[in-house]
Structure formats: structure tokens, C-alpha cells
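**Student:**
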Amino acid sequence: MEEAKISIVIPVYNEQEHIAELLGYLTNFNISSHLHEILVVDGGSTDLTVAVASAFDVTLCQSAKGRAAQMNFGARKASGNVLYFLHADTLPPENFIECLVSLYEKGNKAGCFRLRFNNRSLFLAFFSWCTRFNFLICRGGDQSLYITKELFEKLDGFNENYVIYEDSELIGRIYKTNNFSIIPDYVTTSARRYDAIGMFRLQYHFGVIHLKNALGADPEQLYDYYRRKVLA
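When you line the sequence shown up against our numbering, it's residues 57 to 288, in that order.
Structure representation (C-alpha cells):
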């Protein structure tokens, strides 16, 4: 079997407050022969994101705005055989490279970590606890995504019609065709959206979006609901 070569793909848009912490953390792992490259894909940031990212040993790319488009662009640029999609406000565990390599060597083609928030809320702790279960309803982009490049290309990547829900839509297609592994360790993600919008309100609307998708809502309808109820 070919050795695992991990390409980390990080989509960013106006992430100057978080990207330095993440890239500073990730560059500690450059010593690993399995960490092939870190690609930061900017979608036209108007703050200092690009300047901050440029100070690190990463490949900085520019693409059309939209997380799905940015992640697809990064995947096309990636030269590793393993893709690891990571949000700018999420830190993987210190053993994440070993975990991803282990999945690859076992022949597992896709998976993610469990999730915890950087917030002591018992409400969010409950939803974090739910991420240990291997059900599609328990998945989300904040958990990061491991997928072999071969499988990613076979599935045609992220559906760029989705402004939101792009991670869940792709993972749903993975669940239908392949085994999906839940790694028994945790990424830590920012609770900033919950803090800004309200924990109960935001989680309620996420639940409605999951339900709408299950009932057949198209990408435009999902985003319209998100725009009116969450962004307004």
C-alpha cells in the first residue's frame, strides 16, 4: 500500500482572528513525513486573513467564494492521497496525524473525529456527546473530514450548489456507498456562532435545516431558511 500523504485543506473567509492559532498549531506537525502539505483556500477575504496566513509555511490559494467551491479547489490542488478538510476555528487533537494514518492503513476511506466546543455549556456538551454515534444526523463539518482523494474524486467532491450544508450533503453520499469511521478522539471547535446568536436558537434552526433536507428541500431553500432565520 502507498504511504499516507495528508493534504490539509482549510477554507477561509475573513478568519484573521482564528487562522494564526490554527496554522501555528498545525506547523508543529511539519516534522511528520505523513503531513504532505497545508492548503489555505481564501474566498476573497476583506480583512487580514491572507496576510496572516502568508506568514506561515503553507500553500495559499485564491478561489471563488463559497466553502464547497473553496474545498473543491483545494482538493484539486492537493497532491496528497489523503484529504483532511478542517475549519479555521477548529483544532484537531495532537495525535490527529497518527489517527488519520491508522484509518488509511486499515483501508478506511472516510471518517471524522468526535467534537467538543471551547465552551463549558452543558447544552453544547450534550450535542458534543452525540457526535460519538455513527449516525448521519450526528455529523457536521465542524468535526473535520478525512477522505481519501480517490473516494473524493469518485464522488465528485462537494456539491457547489450548497451554500450551507455542503459537508452534511457529501457525508450523506459517503454513508450510502462506504463505511464511515468515527475516530474516538476530539477536535475542539469555537462556539462563536452559538455565543453570538444564542445556543438554543441556533441549534433549533440547525435541527429545522436537517429536517427540511430530509423532506427534500433543495440547496436554495435550505440557504433561504438559514439566511432569514440565522443571518437576519
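For every residue, glycine included, the Cβ atom is placed at its ideal position computed from N, Cα and C.
A120: buried (16+ other C-beta within 10 angstroms of its C-beta) or exposed?
**Tutor:** Exposed: under 16 other Cβ atoms inside 10 Å.
**Student:** Output the residue ranges of the alpha helix (DSSP H) runs that lie fully inside the stretch 95 to 154 and measure 4 residues or longer, sorted by chain position.
**Tutor:** Listed in chain order, the complete alpha helix (DSSP H) runs (minimum 4 residues) inside the stretch 95 to 154 are 105 to 110 and 123 to 133.
**Student:** When you compare each of E154, L79, E225 and D113 to I239 by their alpha carbons, which one comes out closest?
**Tutor:** For the residues E154, L79, E225 and D113, the minimum Cα distance to I239 belongs to E154.
**Student:** My parser needs the alpha helix (DSSP H) runs of 4 or more residues fully inside the stretch 147 to 232; what are they?
**Tutor:** Segments of the alpha helix (DSSP H) lying fully in the stretch 147 to 232: 152 to 161, 178 to 186 and 205 to 210.
**Student:** Short of 8 Å in beta carbon distance, which residues of its chain neighbour N151, apart from the five on each side in sequence? Order them along the chain.
**Tutor:** For N151, where only same-chain residues beyond five positions count, the Cβ hits under 8 Å are D241.
**Student:** Does the Cβ-Cβ distance between L171 and Q199 come in under 8 Å?
**Tutor:** A contact, by the Cβ cut-off of 8 Å.
**Student:** In three-state DSSP terms, what is I253?
**Tutor:** In the structure shown, I253 sits in a helix (DSSP, three-state: H, G or I).
**Student:** Quick one: using the 10 Å Cβ neighbour count with 16 as the cut-off for buried, is Y81 buried or exposed?
**Tutor:** Exposed, because fewer than 16 other Cβ atoms sit within 10 Å of the Cβ of Y81.
**Student:** Give the secondary structure of L271 by DSSP, where H, G and I count as helix, E and B as strand, and everything else as coil.
**Tutor:** The answer is coil: DSSP assigns L271 none of H, G, I, E or B.
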